[in-house]
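Colleague: Questions regarding the structure given below will be posed in turn.
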Amino acid sequence: MNVLLPSTAEDLWRILGDNPDALLCAGGTDLLVKVRAGMIRPVSLVCLERLDDFRGIRDEGDTFSIGACTPHTEIVTSSAIDAFLQVLKKAVHVLGSPPIRNMATLGGNICTASPAGDTLPALYALDAELELWSRSHVRRLPIDQFITGPGKTTLRKGEVLAAVRVRKPAGKFIHHFEKVGQRQAMSISIANLAALVKVDQTDTIENISLAWGSVGPTIVRSREVETALKGTKLSVEGLKQVFPLIDRALSPISDVRASSTYRRRVSANLLLRLAVHEGCRT
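This is the structure in structure tokens:
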């Protein structure tokens, strides 16, 4: 296997042109495991770790641009992310061990496109937009149009995920993320939930975004559930009213980690825990 290390964007386009079937590698925490296990056998591997254009967190006023090769540790320790995108920080914080977070990248988690990926519900709830580069063009795409199924994306040949763009939530929001796994962290999620909620002084929901992971072929963002909750109280009893809508939105599978029935029950309870954790009226 040839390992290729471009140091500039121009190097990258030249290498991809010469090696059209090469696989891209950022942190390698998922890809290299599959290579070692013989699950995939790439002829060439293009490592992106030296490309500074694809790293770092940039504040662009009302939007953050997060380089796709930014390691998770940088996101967890960023004061800017802590101030504006806490739901993403909370999701990254429970993703793997510290050594994994030092290597794993935001773009890698997105391109792996696992329904259980912990950063994905947070990015869906934040309406993240992806910036995709090729030699000849740049295109932007909402994350829910990029991931089409388990391990499947709309990334084109010769294209690279360069950055993740997230608008700063306007106003004061509750940022909530919780996962259920065999352990609190360092485990694959049985189910997880990212939520952004804006309430008034009476705990009435003014705006809400909800995204569940590991309960469908892709992340589940139910606009029907969100619409039903707007104008209601953020309370345990109020949230219970949308349980039938949640059940209809989910399509979990049964596997070695949990049954589909258990995943449905846990997903509904994760929403209740939002109210409990925030100390709202029950």
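136 is the number that numbering that gives the first Met the number 0 gives to position 137 of the sequence shown; each next residue is one higher, with no gaps. All C-beta atoms in this analysis are idealised placements derived from N, C-alpha and C, irrespective of residue type, glycine included.
Excluding the five sequence neighbours on either side, which residues of its own chain have a C-beta within less than 7 angstroms of the C-beta of Arg134, listed in chain order?
Modeller: As a first step, residue 134 must be located in the sequence shown, where it is residue number 135. Hits under 7 angstroms: Trp12 and Gly157.
Colleague: Please return the same chain residues whose Cβ sits closer than 7 angstroms to the Cβ of Asp61, not counting the five positions on each side in sequence.
Modeller: Within the sequence shown, numbered from 1, the residue matching residue 61 stands at position 62. These residues qualify, in order along the chain: Arg166 and Lys167.
Colleague: Quick check on Val214: does DSSP put it in helix, strand or coil?
Modeller: Counted from its first residue, the sequence shown places residue 214 at position 215. Val214: coil per DSSP, three-state reduction.
Colleague: Have a look at His175, Ala274 and Leu23 and flag the residue whose alpha-carbon is nearest the alpha-carbon of Gly106.
Modeller: As a position in the sequence shown, residue 106 is number 107, starting the count at 1. Of His175, Ala274 and Leu23, the residue nearest in Cα terms is Leu23.
Colleague: Report buried or exposed for Ile39, applying the criterion of at least 16 other Cβ atoms within 10 angstroms of its Cβ.
Modeller: Working through the sequence shown from its first residue, we reach residue 39 at position 40. Ile39 comes out exposed.
Colleague: What are the complete alpha helix (DSSP H) segments, minimum 4 residues, inside the segment 47-85?
Modeller: Within the segment 47-85, the complete alpha helix (DSSP H) runs of at least 4 residues fall at 71-75 and 78-83.
Colleague: Look up Arg139 in the DSSP assignment and say whether it is helix, strand or coil.
Modeller: Counting from one through the sequence shown, the residue named residue 139 turns up at place 140. Residue state, collapsed to three classes: strand.
Colleague: May I have the straight-line CA-CA distance separating Thr281 from Gln144, to the nearest angstrom?
Modeller: Residue 281 sits at position 282 when you count from the first residue of the sequence shown. Residue 144 sits at position 145 when you count from the first residue of the sequence shown. Confidence in Thr281 is poor, its pLDDT being 44 and thus under 50, which makes the residue's placement unreliable; the coordinate value appears in the next sentence. About 36 angstroms.
Colleague: Mind checking which residues open and close the alpha helix (DSSP H) that includes Gly16?
Modeller: Stepping through the sequence shown from its first residue, residue 16 is reached at position 17. Where Gly16 is concerned, the enclosing alpha helix (DSSP H) stretches over Ala8 to Asp17.
Colleague: Would you check if the segment 91-102 and the segment 124-132 touch, i.e. whether three or more CB-CB distances between them fall below 8 angstroms?
Modeller: no
Colleague: Pick helix, strand or coil for Arg272, following the three-state DSSP scheme.
Modeller: Locating residue 272 in the sequence shown gives position 273, where the first residue counts as 1. Note: Arg272 maps to helix in three-state DSSP.
Colleague: In terms of residues, what are the limits of the beta strand (DSSP E) holding Arg247?
Modeller: As a position in the sequence shown, residue 247 is number 248, starting the count at 1. Here Arg247 belongs to no beta strand (DSSP E); instead the alpha helix (DSSP H) covers Phe242 to Ala248.
Colleague: What is the rounded straight-line gap between the Cα of Arg264 and the Cα of Glu277?
Modeller: The residue given as residue 264 occupies position 265 in the sequence shown. The residue given as residue 277 occupies position 278 in the sequence shown. Taking the straight line from one Cα to the other gives about 21 angstroms.
Colleague: Can you check which of these residues, Pro120, Ala8, Ser113 and Thr260, is closest to Val45 by C-alpha distance?
Modeller: Within the sequence shown, residue 45 is the residue found at index 46, counting from 1. Per the Cα distances, Ala8.
Colleague: Helix or strand or just coil, what does DSSP make of Ile204?
Modeller: Reading the sequence shown from its first residue, position 205 is the one you call residue 204. The answer is strand: DSSP assigns Ile204 an E or B state.
Colleague: Use the C-beta contact count for Leu47: other C-beta atoms within 10 angstroms, 16 or more gives buried, fewer gives exposed.
Modeller: In the sequence shown, the residue the question calls residue 47 occupies position 48. Buried, by the Cβ-count rule.
Colleague: Taking only the alpha-carbon atoms, compute the straight-line gap between Pro19 and Ile142 and give it to the nearest angstrom.
Modeller: To locate residue 19, count along the sequence shown from 1; it is residue 20. To locate residue 142, count along the sequence shown from 1; it is residue 143. If I take the Cα positions, the gap works out to 25 angstroms.
Colleague: Is DSSP giving Phe172 helix, strand or coil here?
Modeller: Against the sequence shown, residue 172 aligns to sequence position 173. Three-state DSSP puts Phe172 in coil, outside helix and strand.
Colleague: Suppose contacts are defined by Cβ-Cβ distances below 9 angstroms. Is Phe176 in contact with Pro120 by that definition?
Modeller: Position 177 of the sequence shown, counted from the first residue, corresponds to residue 176. Position 121 of the sequence shown, counted from the first residue, corresponds to residue 120. Their beta carbons are under 9 angstroms apart, which means Phe176 touches Pro120 by this criterion.
Colleague: For Gly150, does the count of other Cβ atoms within 10 angstroms reach 16, so buried, or fall short, so exposed?
Modeller: Counting from 1 along the sequence shown, the entry for residue 150 is found at position 151. Per the 10 Å Cβ criterion, exposed.
Colleague: Please return the same chain residues whose Cβ sits closer than 7 angstroms to the Cβ of Ile26, not counting the five positions on each side in sequence.
Modeller: By 1-based counting over the sequence shown, the position of residue 26 is 27. According to the sequence displayed, residue 26 carries Gly and not Ile. Excluding sequence neighbours, Gly26 sits near Pro70, Met102, Ala103, Thr104 and Gly107.
Colleague: Can you tell me which of the three DSSP states Arg264 falls into?
Modeller: Position 265 of the sequence shown, counted from the first residue, corresponds to residue 264. It is helical.
Colleague: Return helix, strand or coil for Ala124, following the three-state DSSP convention.
Modeller: Indexing the sequence shown from 1 puts residue 124 at position 125. Of the three classes helix, strand and coil, the one that applies to Ala124 here is helix, per DSSP.
Colleague: Beta-carbon within less than 6 angstroms of Gly66's beta-carbon, same chain only, minus the 5 sequence neighbours each way: which residues are those?
Modeller: Here residue 66 refers to the residue found at position 67 when the sequence shown is read from its first residue. Answer for Gly66: Phe53, Arg54, Gly55 and Ala162, listed in chain order.
Colleague: Of the residues Ser253, Gln85 and Thr260, which one's Cα is nearest the Cα of Phe63?
Modeller: Taking the sequence shown and counting its residues from 1, one reaches residue 63 at position 64. Minimum Cα distance to Phe63 is reached at Gln85.
Colleague: Taking CB distances under 9 angstroms as the criterion, tell me whether Lys239 reaches chain B.
Modeller: Reference to chain B is not applicable here, since this structure consists of a single protein chain.
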